[in-house]
Amino acid sequence: MARKKGREISGWLVVDKPAGVTSTTVVNKVRWALDA
413 MARKKGREIS GWLVVDKPAG VTSTTVVNKV RWALDA
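Just add 412 to the spot in the sequence shown (first one is 1) and you have my numbering.
Okay, here's the thing in structure tokens:
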């Protein structure tokens, strides 16, 4: 089964991650918000 493909995005996004939240959680939320 192929991975769902959203929009292709390139570049950098700087995120000021709060303490207590994992990097994986932040990345997943950003990817979901951007449909990437």
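Just so you know, even glycine gets a beta-carbon here, dropped at the ideal spot from N, CA and C.
- A Cβ-Cβ separation of about 6 angstroms places Arg419 in contact with Ala448 under the 8 angstroms criterion.
- Separation of Lys429 and Val439 (C-alpha to C-alpha, rounded to the nearest whole angstrom) is 10 angstroms.
- Per DSSP, the unbroken alpha helix (DSSP H) holding Arg443 starts and ends at 435-445.
- Excluding sequence positions up to five before and after Val426, its CB lies less than 6 angstroms from no other CB in the same chain.
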